[in-house]
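This report concerns only the one structure given below.
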Amino acid sequence: YQTDPSFERSVRFWRRAGPIVGHYFLERWRGRDDADRAARYQRLHGLYAPEARKVVEELRGMFVKVAQVLSVRPEAVPEEYRNEFRKLQDCAPPARWDPIRHVLERDLGAPVAEVFDQID
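What follows is the structure, encoded as C-alpha coordinates:
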(Lines of atoms letter the chains of each structure in order from A and count residues from 1; the text may use other names and numbers.)
(Lines give C-alpha, C1' and ligand atoms only; values in the text may rest on other atoms or scores of the structure.)
Protein backbone atom coordinates (compact mmCIF):
# COMPACT_ATOMS: atom_id res chain seq x y z
CA TYR A 1 0.00 0.00 0.00
CA GLN A 2 1.40 3.37 -1.02
CA THR A 3 0.04 6.83 -0.21
CA ASP A 4 0.33 10.05 -2.16
CA PRO A 5 3.53 11.93 -1.15
CA SER A 6 1.64 15.23 -0.90
CA PHE A 7 -0.82 13.63 1.51
CA GLU A 8 2.06 12.30 3.61
CA ARG A 9 3.65 15.76 3.66
CA SER A 10 0.34 17.32 4.77
CA VAL A 11 0.04 14.80 7.58
CA ARG A 12 3.60 15.50 8.71
CA PHE A 13 2.89 19.26 8.62
CA TRP A 14 -0.28 19.06 10.70
CA ARG A 15 1.25 16.56 13.13
CA ARG A 16 3.88 19.20 13.95
CA ALA A 17 1.86 22.41 13.41
CA GLY A 18 -1.46 21.25 14.87
CA PRO A 19 -0.38 21.43 18.52
CA ILE A 20 1.08 24.90 17.94
CA VAL A 21 -2.16 26.17 16.37
CA GLY A 22 -4.13 24.50 19.16
CA HIS A 23 -2.05 26.22 21.83
CA TYR A 24 -2.75 29.63 20.22
CA PHE A 25 -6.49 28.90 20.23
CA LEU A 26 -6.33 27.81 23.87
CA GLU A 27 -4.55 31.02 24.89
CA ARG A 28 -7.06 33.08 22.92
CA TRP A 29 -9.84 31.45 24.92
CA ARG A 30 -7.97 31.88 28.24
CA GLY A 31 -7.18 35.56 27.66
CA ARG A 32 -9.22 37.88 29.85
CA ASP A 33 -9.03 40.83 27.47
CA ASP A 34 -7.11 42.04 24.42
CA ALA A 35 -4.06 43.08 26.44
CA ASP A 36 -3.89 39.71 28.22
CA ARG A 37 -4.29 37.87 24.90
CA ALA A 38 -1.52 39.97 23.35
CA ALA A 39 0.84 39.09 26.24
CA ARG A 40 -0.03 35.41 25.94
CA TYR A 41 0.52 35.47 22.15
CA GLN A 42 3.86 37.23 22.61
CA ARG A 43 5.04 34.41 24.88
CA LEU A 44 3.86 31.81 22.37
CA HIS A 45 5.64 33.59 19.49
CA GLY A 46 8.95 33.25 21.33
CA LEU A 47 8.22 29.65 22.23
CA TYR A 48 7.05 28.42 18.82
CA ALA A 49 8.90 30.50 16.22
CA PRO A 50 12.05 28.30 16.37
CA GLU A 51 9.86 25.19 16.19
CA ALA A 52 8.04 26.58 13.13
CA ARG A 53 11.39 27.12 11.37
CA LYS A 54 12.40 23.53 12.15
CA VAL A 55 9.12 22.26 10.68
CA VAL A 56 9.75 24.28 7.52
CA GLU A 57 13.30 22.95 7.25
CA GLU A 58 12.06 19.39 7.65
CA LEU A 59 9.32 19.73 5.02
CA ARG A 60 11.52 21.68 2.57
CA GLY A 61 10.39 22.75 -0.90
CA MET A 62 7.41 25.06 -1.04
CA PHE A 63 7.40 25.45 2.75
CA VAL A 64 10.88 27.01 2.64
CA LYS A 65 9.86 29.39 -0.15
CA VAL A 66 6.73 30.51 1.72
CA ALA A 67 8.72 31.06 4.92
CA GLN A 68 11.32 33.09 3.00
CA VAL A 69 8.56 35.35 1.67
CA LEU A 70 6.95 35.67 5.10
CA SER A 71 10.30 36.65 6.61
CA VAL A 72 10.05 40.06 4.93
CA ARG A 73 6.31 40.66 5.44
CA PRO A 74 5.73 42.40 8.80
CA GLU A 75 1.98 42.59 8.17
CA ALA A 76 1.77 38.82 7.78
CA VAL A 77 3.58 37.27 10.75
CA PRO A 78 4.98 38.41 14.12
CA GLU A 79 8.58 39.55 14.43
CA GLU A 80 9.71 36.38 16.23
CA TYR A 81 8.61 34.25 13.27
CA ARG A 82 10.13 36.67 10.75
CA ASN A 83 13.46 36.52 12.59
CA GLU A 84 13.44 32.72 12.50
CA PHE A 85 12.32 32.55 8.87
CA ARG A 86 15.06 35.02 7.87
CA LYS A 87 17.54 32.29 8.74
CA LEU A 88 16.19 30.42 5.73
CA GLN A 89 17.22 33.21 3.36
CA ASP A 90 20.83 32.01 3.25
CA CYS A 91 20.81 28.81 5.31
CA ALA A 92 18.01 26.83 3.69
CA PRO A 93 18.61 23.08 3.50
CA PRO A 94 19.72 22.02 0.03
CA ALA A 95 17.20 20.42 -2.28
CA ARG A 96 17.50 16.67 -2.81
CA TRP A 97 18.89 15.85 -6.25
CA ASP A 98 17.02 12.61 -6.98
CA PRO A 99 13.50 14.11 -7.15
CA ILE A 100 14.80 17.00 -9.25
CA ARG A 101 16.60 14.64 -11.63
CA HIS A 102 13.47 12.51 -11.95
CA VAL A 103 11.31 15.52 -12.92
CA LEU A 104 13.94 16.81 -15.36
CA GLU A 105 14.26 13.45 -17.08
CA ARG A 106 10.50 13.02 -17.24
CA ASP A 107 9.99 16.49 -18.72
CA LEU A 108 12.97 16.28 -21.08
CA GLY A 109 12.19 12.73 -22.16
CA ALA A 110 15.84 11.69 -21.83
CA PRO A 111 18.47 11.08 -19.14
CA VAL A 112 20.02 14.28 -17.83
CA ALA A 113 23.52 13.13 -18.87
CA GLU A 114 22.38 12.96 -22.51
CA VAL A 115 20.98 16.50 -22.49
CA PHE A 116 23.52 18.40 -20.35
CA ASP A 117 27.30 18.15 -20.08
CA GLN A 118 27.07 19.08 -16.40
CA ILE A 119 24.67 20.53 -13.85
CA ASP A 120 25.84 22.53 -10.88
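The opening position of the sequence shown corresponds to residue -18 in this note's numbering, with each subsequent residue numbered one higher. C-beta: ideal position from N, C-alpha, C; glycine also.
Spatial neighbours of D101 within its chain, please: C-beta separation below 6 Å, excluding the five flanking residues on both sides.
none
If you count every other CB in all the chains shown that lies within 10 Å of the CB of L109, and 16 or more means buried, which is it?
The question about residue 109 has no answer, for the chain in this structure spans -18 to 101.
If you draw a straight line from the alpha carbon of R(-3) to that of Y5, how long is it in whole angstroms?
14 Å
Taking Cβ to Cβ, would you say R34 is nearer than 8 Å to F66?
yes
How many whole angstroms separate the CB atoms of L40 and R77, which I take to be in contact at a CB cut-off of 8 Å?
Going by Cβ atoms, the distance from L40 to R77 rounds to 12 Å, so no, they are not a contact pair.
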